[in-house]
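With positions in the sequence shown counted from 1, the corresponding number in our numbering is that position plus 52. Data first, discussion second: the structure below is written as structure tokens.
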Amino acid sequence: MARKRRNDRNHVIYKLTAPTGEEYVGITFARGRAFKRSARIRFDAHCRNAFDYGHKTLLAMALRDHGREGFTREVLEIVRGKQNAHDREREIIALLQPALNMEGMGRKVNSK
53 MARKRRNDRN HVIYKLTAPT GEEYVGITFA RGRAFKRSAR IRFDAHCRNA FDYGHKTLLA
113 MALRDHGREG FTREVLEIVR GKQNAHDRER EIIALLQPAL NMEGMGRKVN SK
């Protein structure tokens, strides 16, 4: 019998801020109760994507411009359940309108 996938784990919604004030809002799953550590691990993955793999997202370009040390990390919310977390992330993105978030084919989330 196949193991049932969990859908009730905690997720961390976090914000990265560049020295210019530009922001990025993201989500990652919580590793136990280490919420700040979970956000740091995801930030490390963003840095690998920017520096090692040359990704061309707005966040990756900002990381290359300012360096990882220039960014601050902040845990915004802890949300139980994957769908609830993704819904809440979209609400926060709509509210904050972070300049570094992208959607789909490289479009900025807030562009028309």
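All C-beta atoms, glycine included, are put in the ideal place defined by N, C-alpha and C.
query, result
"May I ask you to report which of helix, strand or coil DSSP gives GLU74?", "coil"
"To the nearest angstrom, how far is it from the Cα of ALA146 to the Cα of ARG120?", "25 Å"
"What residue range is occupied by the uninterrupted alpha helix (DSSP H) comprising GLU143?", "134-148"
"Have a look at CYS99 and ALA112 and give me their C-alpha separation to the nearest angstrom.", "7 Å"
"Looking at C-alpha atoms only, which residue of ASP60, LYS134, ALA70, ASP139 is the closest neighbour of GLY126?", "In the sequence under discussion, the amino acid at residue 126 is Glu, which differs from the Gly named in the question. If we check each option's Cα against that of GLU126, ALA70 comes out closest."
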